[in-house]
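Note that the numbering used here gives residue 321 to position 321 of the sequence shown, counting from 1, and the numbers run on in steps of one.
The C-beta atom is built at its ideal place from N, Cα and C for all residues, glycine as well.
These notes are about the structure you will find just below.
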Amino acid sequence: MIRFFRQPFVCCLRTGRSFAFGGLLISPIATASALPATVTLGNLSQTYDGSAKIPDVATLPIGLPSQIVYRNLSPNAPPPVSEVVYNDCPNPLALSYLSYSFHGQSLTALGNYIQLGATARKIESCDTILVTWAKASDWPALAAANPAGYYHPITLFIYEVKSTNDLVFRTEATQSVLVPWKPIINPDGSPNNNNGFAFQANIPFPSGIILPERVLVMVSYNTQAAGFSPTGSDGPYNSLNVALKNTYNIAPVGADVNADLVLQIRNGIWYYPSSGWTATSAPMVRLNASSEETITLPTNAATWRATARVSNADYDGTANAILTIQPAVATVTLDHLTQVADGTPKSVAVSTSPPNLPWLTTYGGSTSLPTAIGKYAVHTVITDPNYQGLADGELWLGNNFQSWISPWVVSGSIPASAVGGNEDPDQDSISNLMEYALALNPSTANHGLPDLGLPRADYSSGQLSIIYRKNLTATDLNYQVEVAVEPGNMESWFPAISTSEVLATEGSVQTIRTTLQAPTTDPRHFLRLKVTRQGSP
Numbered sequence: 001m002i003r004f005f006r007q008p009f010v011c012c013l014r015t016g017r018s019f020a021f022g023g024l025l026i027s028p029i030a031t032a033s034a035l036p037a038t039v040t041l042g043n044l045s046q047t048y049d050g051s052a053k054i055p056d057v058a059t060l061p062i063g064l065p066s067q068i069v070y071r072n073l074s075p076n077a078p079p080p081v082s083e084v085v086y087n088d089c090p091n092p093l094a095l096s097y098l099s100y101s102f103h104g105q106s107l108t109a110l111g112n113y114i115q116l117g118a119t120a121r122k123i124e125s126c127d128t129i130l131v132t133w134a135k136a137s138d139w140p141a142l143a144a145a146n147p148a149g150y151y152h153p154i155t156l157f158i159y160e161v162k163s164t165n166d167l168v169f170r171t172e173a174t175q176s177v178l179v180p181w182k183p184i185i186n187p188d189g190s191p192n193n194n195n196g197f198a199f200q201a202n203i204p205f206p207s208g209i210i211l212p213e214r215v216l217v218m219v220s221y222n223t224q225a226a227g228f229s230p231t232g233s234d235g236p237y238n239s240l241n242v243a244l245k246n247t248y249n250i251a252p253v254g255a256d257v258n259a260d261l262v263l264q265i266r267n268g269i270w271y272y273p274s275s276g277w278t279a280t281s282a283p284m285v286r287l288n289a290s291s292e293e294t295i296t297l298p299t300n301a302a303t304w305r306a307t308a309r310v311s312n313a314d315y316d317g318t319a320n321a322i323l324t325i326q327p328a329v330a331t332v333t334l335d336h337l338t339q340v341a342d343g344t345p346k347s348v349a350v351s352t353s354p355p356n357l358p359w360l361t362t363y364g365g366s367t368s369l370p371t372a373i374g375k376y377a378v379h380t381v382i383t384d385p386n387y388q389g390l391a392d393g394e395l396w397l398g399n400n401f402q403s404w405i406s407p408w409v410v411s412g413s414i415p416a417s418a419v420g421g422n423e424d425p426d427q428d429s430i431s432n433l434m435e436y437a438l439a440l441n442p443s444t445a446n447h448g449l450p451d452l453g454l455p456r457a458d459y460s461s462g463q464l465s466i467i468y469r470k471n472l473t474a475t476d477l478n479y480q481v482e483v484a485v486e487p488g489n490m491e492s493w494f495p496a497i498s499t500s501e502v503l504a505t506e507g508s509v510q511t512i513r514t515t516l517q518a519p520t521t522d523p524r525h526f527l528r529l530k531v532t533r534q535g536s537p
């Protein structure tokens, strides 16, 4: 940890290096590390309600500030995308920029404090702009073997900037960058009279370090005067400079933490120039991060990894935990479960609470809508990942009176003039409507059923019942057992207080027994089955 103060004093550096402030050299008198801190995450199971969910953070010592980043661990998590979290690099590049010579100033690093923007925090790469002054004609042998330019290692250091401006090293990356030769002719054909030629270098960070909110980015490379000589002698890298922001008005992503702070490492010493330096003299950088790790507070139902890190300069502590946001419960209601099969696809009506949630319905395990007469198991499930709910039911596709009687008319078994509900074309004293209700054949009286298949009374063990057939494909009928003590008085019939049981089911026909629950004080009762078409009395 490097501690940075606003006035000269003796400080401690974790790296054992010295640095100067205000042009004054400050040397370390000891090596010290941040004190360990314990971080604990709680309230890790919550339920979706549309608001952001935050785990509780406790630290020991108590009350230390912390930063939390999140990663969606769910199988259906959106793929990570790259995001620019800081940028003051111009686009497109100018031919050259005011630059700073590492070779001439005996520097090995130059950096600036920045505040990250956007929300991604898993570092991917960092770009910076360099300026080369070396021409191919100055290095004919090297240029002949390397006409596009020469490779030179560029290193970027990233430090976390604490609230007290203390620095904690986080990561570094080195990339051999192709340094182009300064061209003699500009792209437009005019002579290149610029002091140097600007190019952008990209340094990948494979470590996947999670970035804090405020960082110091240091650009570093070696020259003969400030470090070692890669070729053992004076080389073109001595003419390699760092481009400076200077007075260019660039709208950055993120912000400069302090416009007065620019750090140098000169001859192994951390140094803050005493005059003439501001953030406009800092190197231009572009930080790219992955949304796989983000500071965006989680809202949606998912499994999240929460990583909390103490941001107090004097302590170091990190904790990981799994934050689970459970889906909220939704209600699903099914309707239109009985419909007429007319050859067109049929679907049930689905409503949800909360309303308008997306859902998926299957019929007998298939998403295809049914068309044929029959019954289909219906299963509906909410597909919004923030809600859970499903409903099961059964869709009946059957007949109505017209679709039931039509085949007999088409075949000529029943005259077209005898298709009314009260007509009796087979003259068996059973109307077409009752033939339909009892699943009988309206075209012939000889249907082979005992007592013509009509409802019949049964009295046993002191209980009066009525036994009747029910056509399960008759979707437009209402079946009602009624009771009376004076059968000749039509006004004395009323719905019976009864219990029913299914005696048998054969295909689409059920045999049902309905038993009267009669008061013992009544001397006698009469039962009947009343069948009406929906919408009719």
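Practice item. Would you please state the rounded distance, in angstroms, between the beta carbons of L472 and V531? I believe it to be under 8 Å. Key: With a Cβ gap of about 14 Å, L472 and V531 do not count as contacting.
Review point. Among G453, K470, G412, L464, which one has its Cα closest to the Cα of S443?
Key: G412
Review point. When the Cα atoms are used, what is the spatial distance from L464 to Q517?
Key: 8 Å
Review point. Taking the alpha-carbon positions, what's the V538 to V348 distance?
Key: The structure shown does not extend to residue 538, since the chain is modelled only from 1 to 537, so the question has no answer here.
Review point. Where do the ends of the alpha helix (DSSP H) carrying H103 lie?
Key: 102-105
**Study point:** T59 versus T40: straight-line alpha-carbon distance, rounded
**Key:** 6 Å
Review point. What alpha helix (DSSP H) runs, 4 residues minimum, are completely inside the stretch 400-425?
Key: 401-410
**Study point:** Beta carbon of H103 nearer than 7 Å to that of N238
**Key:** yes
Point to revise | Identity of the residue in L397, L395, W396, H379 nearest G389 by Cα | key: H379
Practice item. Confirm, please, whether the CB-CB distance from A136 to W181 is below 7 Å. Key: yes
Review point. Do the stretch 280-294 and the stretch 107-121 make contact, defined as three or more Cβ pairs closer than 8 Å?
Key: yes
Check your understanding: Assuming S290 and V262 make a contact with CB atoms under 8 Å, what is their CB distance in whole Å?
Key -> Incorrect: roughly 28 Å between the Cβ atoms, too far for contact.
Exercise for review: Let me know the secondary structure DSSP gives P283 once reduced to three states.
Suggested key: strand
Review point. Taking Cβ positions only, does W404 come closer than 7 Å to chain B?
Key: The structure shown contains no chain B, having only a single protein chain.
Check your understanding: Cα separation between R71 and L44?
Key -> 14 Å
Point to revise | Among A372, Y387, V215, nearest to T352 - alpha-carbon criterion | key: Y387
Exercise for review: With a threshold of 16 other CB atoms inside 10 Å of the CB of F197, please say whether the residue is buried or exposed.
Suggested key: buried
Review point. With distances taken between CB atoms, is the gap from K162 to A313 smaller than 7 Å?
Key: yes
Check your understanding: When the Cα of P455 is compared with those of L438, S461, R533, which residue comes out closest?
Key -> L438
Review point. By Cβ distance below 7 Å, which residues in the same chain neighbour Y100 in space, the five residues on each side in sequence not counted?
Key: L110, N241, V242, L244
Check your understanding: Buried or exposed: D88, going by 16 or more other Cβ atoms within 10 Å of its Cβ?
Key -> buried
**Study point:** Burial state of N186, where buried means 16 or more other Cβ atoms lie within 10 Å
**Key:** exposed
**Study point:** Contact under 7 Å by Cβ, D428 with A416
**Key:** no
Exercise for review: Taking P140 as part of the alpha helix (DSSP H), name the residues at either end of that continuous run.
Suggested key: 140-145
Check your understanding: Skipping 5 residues on each side, what residues in its chain have a beta carbon closer than 7 Å to that of I54?
Key -> L297
Check your understanding: At a cut-off of 6 Å, is P407 close to the ligand NAD when judged by its beta-carbon and the heavy atoms of the ligand?
Key -> For the ligand NAD, the structure offers nothing, since it holds no ligand at all.
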